[in-house]
Amino acid sequence: MPVSLADILALLPEILLSLGALLLMMTEVFLAGARRGYQALLAALFTAAAFAAFLAQRGGGPRVLFGGFAVSDGFALFAGATICAGLLVTVVLGAGFLAPRSAERGEFYALALLAAAGMCLLVRAEDLLFVFIALELMSVPTYALVAYLRTGDRPSEAAFKYFLLGAFSSALFLYGAALVFGATGRTSLSGIAAAGGGKLLLAGLALVIAGLSFKIAAVPFHMWAPDVYEGASTPVTAFMAVGVKAASFAVLTRILVTAFGAPALAAVWQPLVVALALLTMVFGNLLALTQRNVKRMLAYSSVAHAGYLLVAVAAASRGFSGPSARGEAVSSLLFYLAAYTLTTAGAFGALAALERMGPDPQPWDLDRFAGLAKRRPWAAAATAMLMLSLAGIPPTVGFIGKLLVFKAAVDAGLVPLAIAGVLASVVGLYYYLRVVVVMYMQPAPLGSVPTPASWPLDLVLVATATLVLLFGLAPAGLANAALSSTGLLGG
Amino acid sequence: MQPLADQLIRSWIHADPGAWPYTQAVYLLFMLIAGALLTTFTAVFSGIVSWYERRLAGRMQSRIGPNRVGPAGFLVWVADALKLISKEDTIPGDSDHALFRAGPYFVVTGLVLTFVALPFGDRLIAADMNLGLFYILSVTALVVVGLIMSAWSSNSKWSLVGGIRSAAQVVSYEIPAGLAIMVPVLLAGSLSTQGIIRAQGGPAGGSFFLAGGWPWNWFVFDDPMAFVSFFVFLTAALAEGNRTPFDLPEAESELVSGYNTEYSGMRFSFFFLTEWANLWVMSALATLLFLGGWQIPGVAPEVIGHSAALVFVSFLVFVVKTVALVNVVIWLRWTLPRIRVDQMMVLCWKYLVPIEMAAVLLTALWMLGFAHLVPAAQSAIHGVFFLAAGAVPLVLFLRQTFANLRLTSDRVDLTNW
Amino acid sequence: MTEAVLFWLFAVVAVAGGLGVVLARDPLHGALSLLAAFFALAGLFLLLAAQLLAVLQVLVYAGAILVLFLLVILLLDLGPARAAASPPGVVKLAGALGALGLAGLLCTLFLSASFPPAVPPSDFGAVAAVGRVLFIDYTLPFEAISLLLLAAILGAVVVAKGKV
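So the protein lines, in turn, are chains A, B and C.
Here numbering that gives the first Met the number 0 is used: the first residue of the first sequence is 0, the next is one more, and so on.
Here numbering that gives the first Met the number 0 is used: the first residue of the second sequence is 0, the next is one more, and so on.
Here numbering that gives the first Met the number 0 is used: the first residue of the third sequence is 0, the next is one more, and so on.
Here it is, written out as C-alpha cells:
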C-alpha cells in the first residue's frame with residue numbers, strides 16, 4: 000500500500016522526537032562549546048512540541064497507520080502524552096542534575112528523545128513485529144543512559160545487569176511472539192484475535208506476558224529493578240521509572256485486550272495477571288519497608304505501583320466484565336499511569352535535589368532528608384506532597400488513581416484483589432510517611448553540608464507537587480480525558 | 000550452466016539433452032568439468048602472475064628478476080610449485096592442529112567459489128545466478144575466516160597480529176566496496192554478473208557507434224558518481240585482498256610474514272595461490288562492473304551468443320581488460336609504500352564510506368532525474384562527455400610527463416621488460 | 000527426497016553448530032561452530048526458496064558479524080574458559096532438568112499444533128519481491144529499525160567514550 004501523508008502526519012510526535020534527537024547529536028558535533036545549557040532547552044522544546052502534537056490529535060477516531068503496523072487511537076494518544084510529560088520532567092531534571100556535575104552532553108538528551116520515540120511507537124504498535132522493534136528502540140537507548148554517568152562501580156554494574164536482563168526479556172517476548180505467529184500465522188494484534196489458536200498460542204501468550212513483566216518490573220521478574228534504579232543517575236532512574244513503565248503497561252494492555260481479549264483467552268490470562276498483581280503489590284511494599292536508602296525505597300515503591308497497575312490490567316479482561324467495565328478499567332489504568340508519572344518523576348526530582356556532588360558512600364540515606372523542612376521549607380513541602388501522593392492519601396492525585404483502580408477491580412468482580420490492594424497500600428503508608436517524618440521531625444545531622452539549590456530541580460519539585468495537588472483536588476478533567484481515551488482499536 | 004550445456008550438446012552431437020533419461024547426470028558431468036577447469040585456471044593464473052609480478056618488480060627496480068628456468072624465466076612458477084609441494088608440511092607443536100590444518104583450505108575454497116559466478120565471456124560462466132554479485136561477496140567471507148583461523152591456530156604473535164589486522168581491514172573495507180558495487184547495480188537494475196555486463200551494451204538496435212562495448216557505454220563513464228565509485232572500488236578491493244599499499248596483515252618488516260608465518264610447503268603455497276588468484280577476481284569484478292565486461296565494441300550484445308567466433312572474441316575482450324587491470328594493480332604494489340594502520344582506517348571510515356554513501360544516493364537521484372530527461376538513444380552523449388572529462392587530464396598528464404622526460408633527456412621504455 | 004536429505008543435513012549441522020557455540024571452551028572454536036550454523040541456516044533458507052535471505056545470511060552474518068566476533072576474540076586474546084567458573088552440581092542438575100522440561104514441553108506443543116500452510120507468491124525470495132515488501136509494505140518497521148540502529152550506535156559511542 001502506498002504511504003499516505005496522513006499516516007506520516009499521525010506519527011508527528013515520534014517524528015518530532017527523532018528530529019530533536021538528530022539535531023542534538025549535530026549540536027554535539029558543531030556547537031560543542033563549554034556552555035551547553037541550550038541543549039536542555041532544545042530537548043524540552045521538541046518534547047513539548049511532541050506533547051502538543053499528541054494533544055492536538057485527540058478527538059479523531061481510531062485510525063490504522065502504515066497498513067496495520069501502528070494505530071492512532073485515544074489510548075495511544077493519552078499514553079503518548081503521558082510519556083512525553085515524563086520525558087519533559089526528565090529533561091529538566093537532567094539539566095538541573097548534570098550541569099553542576101559538568102556532565103551535560105547532547106548525547107544524553109538525544110538518547111532520551113530516541114527512547115521516548117520508541118515508547119511512543121510502542122504504545123501505538125498494533126503488530127507483534129512492530130511491538131518488538133519499538134520495544135528495542137525504547138530499551139537500547141535506556142541501556143546506554145544507565146551507563147551514562149559513571150562514578151564508581153555501581154552504574155557500570157547496573158547498566159550491565161539491565162542490559163543482560165533486558166536482552167533476556169526481549170528474547171522471551173520475541174520467542175512468545177514467534178510462537179503466537181506459529182499458532183495463528185499472523186503478527187497483527189487484530190489478526191491474532193481473529194485467528195485464535197490452541198495450546199501453542201497459550202504458550203506464546205505466557206512468554207509475551209513474561210517478557211513484558213520484566214520491563215514493568217513485576218514480581219517475580221523485578222530482581223533487576225532496585226540495583227538498576229540505584230545505579231543509574233537519578234534523572235535516568237526517573238525516566239526508567241515513568242517512561243519505560245508507562246509504555247510497557249500500555250503495550251501489555253493493548254496486546255492482552257486486543258489480541259487475547261476473547262473470553263476464552265481472557266479466562267486464561269486473567270488469573271495469571273491477578274497472581275502477578277498480588278505478588279507484586281505484597282512483595283513490592285514489604286521489600287520497600289526495610290530500606291533506609293531512599294532511592295532503593297523508591298525503586299521498590301515503583302515495583303509496588305506496578306502491582307496496582309496490574310490490578311487495572313486484570314480488571315480490563317473482558318471475560319468477566321462487560322464492555323463498559325473494561326472501558327472503566329482501561330481509563331483507570333491511564334489515569335493511574337498519568338498520576339504515577341507525575342508523582343514518581345517528582346519524587347526522583349526530590350532525590351536529585353538532595354544528592355551531593357562527588358563521591359559519597361551513602362548518597363541517598365534517609366538522613367539526607369533530616370531537617371529539610373527547616374533548611375528549604377518549600378522543597379520539603381513539595382516532597383511531602385509527592386510522598387503523600389505515592390502513598391495514596393487525599394487530597395492528592397495518587398489517591399484518586401488508587402480509588403479508580405480499585406473501583407474498577409470491584410466492578411470487574413475482583414473484590415479480593417481490591418482488598419489486597421488496599422491492605423498493601425496501608426503497608427506502603429509506613430515507608431512513605433517515614434520520609435515526611437524525617438523531614439519535619441528530625442534535626443539535620445551535625446556537620447552535614449547542604450546541597451546547593453538548583454533552580455531546574457526546584458522547578459520540577461514545585462511543578463509536579465502543584466500538579467499532584469491540583470489533579471487531586473479537581474480530578475474531573477484528567478479523569479474525563481482518560482475515560483474518553485479508552486477506545487482501543489478492535490478491543 | 001544448463002543453457003550452455005544444452006547449447007553445446009545440441010551443436011556438437013545434434014541431440015536434445017532434455018530427451019535423455021539421465022540428463023541430470025550429464026549436467027553433473029558438465030559441472031564437474033567446469034569446476035576442474037576453473038580450479039586449474041586459478042592455479043595456473045596465479046602461477047603465471049607470480050612470475051609476471053617478479054619480472055615486473057625486477058624491471059621497476061632496475062634488476063633482472065627470475066630468468067633461470069625456461070625462456071625469460073617463465074617456467075619459474077612450475078619449479079616453485081614443485082618445490083613447495085615436495086617440502087615438509089610442518090605443524091607447530093603448540094598450535095591448534097585441526098584449525099591449523101584446515102585454515103588454508105578455507106582460504107582456497109572461498110576464493111575458488113567466487114569463480115562460479117565470474118563470467119569469462121558471453122555464455123562463458125559456470126552459473127549465471129540472479130544474485131551473482133551478492134554470492135561473490137558472501138563466499139569471500141570464507142577467505143578472511145580462513146585467514147583468522149590460520150592466524151589464531153598458529154599460536155604465534157606475528158600470526159595473531161596479522162590476523163587481527165586482516166579482520167579489521169576486511170570488516171572495514173567491505174562497506175565501501177559493497178556500496179561502490181551498488182552504483183553499477185543501481186544503474187543496471189540487476190545483481191547478476193552477466194546482467195550488469197549486458198546493461199553496458201548500449202541501447203537496443205543502436206547503430207555501430209552506439210552498440211556494444213564502446214567506452215561511452217561503460218558504467219565508469221556513465222556519470223560522475225560511477226567514475227568515483229570505480230576508483231573507490233579498486234581501493235577497497237586492494238584492501239580486501241591484502242594487497243599493497245594495504246598489505247598490513249603480512250607486513251614483512253613488522254610481522255615476519257603475518258598470518259602465514261608458521262606455514263610451510265603446500266599449505267603455505269595456498270595462501271599465495273589465493274593472493275594472486277585474487278588479483279584476477281578483483282580485476283574481473285572491476286571489469287564487469289565498470290568497464291563493460293566482455294562487450295565487443297560495435298556488436299550488439301544479442302548477436303554474440305549466436306556465433307562461436309564472437310563468443311571467443313568476447314572472451315578475449317574480457318581477458319584483455321582484466322589483465323590490463325591486473326597489470327595496474329601490480330604497478331601499484333611496486334610504486335606505493337605501505338600505509339600505516341591508522342591511516343588505513345581513516346581512509347576507509349572518514350573518506351571512502353562517506354563518499355560512497357553520497358555516490359549511491361546521488362546515483363539514485365541521477366537515475367530518477369537526469370537519465371529520464373535524456374532519451375535512451377542519446378545516453379551515449381553523456382558517456383562521451385564523461386569519457387572526455389576523464390581523457391583530457393590523462394592527455395595533459397602524459398604531455399607533461401613526456402616534456403619532463405625530454406628535459407632530463409632520459410630514455411623512455413614503455414615495455415614492461 | 001533430495002530435499003529431505005538436504006534438510007536433515009542442514010538441520011543437523013545447524014543444531015550441532017549451535018551446541019558447539021554453547022559447549023566449546025575455546026571461544027574461537029565457539030565462533031567457528033557459529034559459522035557452521037550460519038552456513039547451515041543459509042542452506043535451510045535456500046531450501047525454502049529464499050535465495051536473497053540465504054545469501055544475505057552468509058554475507059552479513061558470516062562475512063561481517065562473525066569476522067567482528069573473531070576480531071574481538073583475537074584482540075582480547077581470549078583463552079579457553081576457566082573450569083573454576085563452573086557452577087555447583089545442583090545448579091547444573093537443575094538447569095539440565097529445566098532445559099529438558101522446557102524442551103519436552105515445546106516438543107509436545109509443536110507436535111500437537113497444526114500450522115496454517117503458507118502459500119508463497121511466485122516471485123518469493125527474489126530481490127525485487129523482497130525489496131517491494133521491505134520498502135513499501137514494511138515502511139514503518141523499516142524506518143523504526145533505522146532509528147534503532149542509530150540509537151544503538153549512539154549508545155555504543157556513549158558507553159565506549161569513557162566516563163562523562
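Where is the CB? At the ideal position from N, CA and C, for every residue including glycine.
These numbers were taken from a predicted model, which means no experiment stands behind them.
{"Check": "Residue range of the alpha helix (DSSP H) that includes A/S212", "Outcome": "198-215"}
{"Check": "Cα-Cα separation, A/A265 to A/A378", "Outcome": "46 Å"}
{"Check": "Cβ-based burial, C/V4 [other Cβ within 10 Å; buried from 16]", "Outcome": "exposed"}
{"Check": "Contacts that C/V66 makes with chain B (C-beta to C-beta distance below 8 Å)", "Outcome": "A140, V143, V144, I147, A166, V169, V170"}
{"Check": "Limits of the beta strand (DSSP E) - the one that A/R62 falls within", "Outcome": "62-64"}
{"Check": "Interface positions of the segment 139-160 of chain C facing chain A (Cβ-Cβ less than 8 Å), listed along the chain", "Outcome": "L139, P140, A143, I144, L146, L147, L149, A150, A151, L153, G154, A155, V156, V157, V158"}
{"Check": "N- and C-terminal bounds of the beta strand (DSSP E) containing A/A69", "Outcome": "69-71"}
{"Check": "Rounded separation between B/D136 and A/A231 - CA only", "Outcome": "Checking the displayed sequence, the identity of residue 136 of chain B turns out to be Leu instead of Asp. Distance between the alpha carbons of B/L136 and A/A231: 43 Å."}
{"Check": "B/L190, DSSP secondary structure in three states", "Outcome": "coil"}
{"Check": "Inter-residue spacing [alpha-carbon to alpha-carbon] between B/L287 and B/S45", "Outcome": "20 Å"}
{"Check": "Extent of the continuous alpha helix (DSSP H) run through A/W377", "Outcome": "376-390"}
{"Check": "Cutoff 9 Å: C/I135 Cβ touching any chain B Cβ", "Outcome": "no"}
{"Check": "Contact set between B/I417 and chain C, taken where Cβ atoms lie within less than 8 Å", "Outcome": "Absent from the structure is residue 417 of chain B, since the part of chain B shown begins at 0 and ends at 416."}
{"Check": "Contact residues within the segment 89-109 of chain C, judged by C-beta distance below 9 Å to chain E", "Outcome": "The structure shown has no chain E; the protein chains it does contain are A, B and C."}
{"Check": "Chain C contact for B/L185 (CB, 9 Å cutoff)", "Outcome": "no"}
{"Check": "Interface residues of chain C facing A/F68 [CB-CB closer than 8 Å]", "Outcome": "Y137, L139, P140"}
{"Check": "A/A166, enclosing alpha helix (DSSP H) - first and last residue", "Outcome": "153-183"}
{"Check": "Cβ separation of B/W293 and B/I195, assumed to be a contact under 8 Å, to the nearest whole Å", "Outcome": "Not quite, the Cβ-Cβ distance comes to about 11 Å (not below 8 Å), so this is no contact."}
{"Check": "Interfacial residues, the segment 122-135 of chain A to chain C, with Cβ spacing under 7 Å", "Outcome": "L128, F129, I132, A133, E135"}
{"Check": "Beta strand (DSSP E) runs wholly inside the segment 207-276 of chain B, at least 3 long, in chain order", "Outcome": "none"}
{"Check": "Chain A within 9 Å of C/S121, Cβ atoms only", "Outcome": "no"}
{"Check": "Endpoints, the alpha helix (DSSP H) within which A/W268 is located", "Outcome": "262-288"}
{"Check": "Buried or exposed by the 16-neighbour rule on C-beta atoms within 10 Å, applied to C/C106", "Outcome": "exposed"}
{"Check": "Member of A/S168, A/A240, A/A202, A/L164 whose CA lies at the smallest distance from the CA of A/A182", "Outcome": "A/A202"}
{"Check": "Beta-carbon spacing of A/S247, A/A116 below 9 Å", "Outcome": "no"}
{"Check": "Contact the segment 248-260 of chain A vs the segment 186-201 of chain A: 3+ CB pairs below 8 Å", "Outcome": "yes"}
{"Check": "Residue-chain proximity (B/N129, chain C), Cβ-Cβ < 9 Å", "Outcome": "yes"}
{"Check": "As assigned by DSSP and simplified to three states, the class of C/F117", "Outcome": "The question names Phe, yet the displayed sequence has Ala at residue 117 of chain C. C/A117: coil per DSSP, three-state reduction."}
{"Check": "Which of helix, strand or coil DSSP assigns to A/S187", "Outcome": "strand"}
{"Check": "Whole-angstrom distance between B/P296 and B/A390, CA atom to CA atom", "Outcome": "18 Å"}
{"Check": "For B/P296, three-class secondary structure by DSSP", "Outcome": "strand"}
{"Check": "Three-way DSSP call (helix, strand, coil) for A/G489 in this model", "Outcome": "Because A/G489 sits at a pLDDT of 47, beneath the cut-off of 50, its placement in the model cannot be relied upon, and the following sentence gives the value as read from the coordinates. Reduced to three states, the DSSP call for A/G489 is coil."}
{"Check": "Nearest to A/P498 (by Cα), restricted to the options A/L371, A/A351, A/A372, A/G370", "Outcome": "Since the first and last residues shown for chain A are 0 and 490, residue 498 of chain A lies out of range."}
{"Check": "Range of the contiguous alpha helix (DSSP H) that encloses B/M356", "Outcome": "352-367"}
{"Check": "Beta carbon proximity, C/G19 to chain A, threshold 9 Å", "Outcome": "no"}
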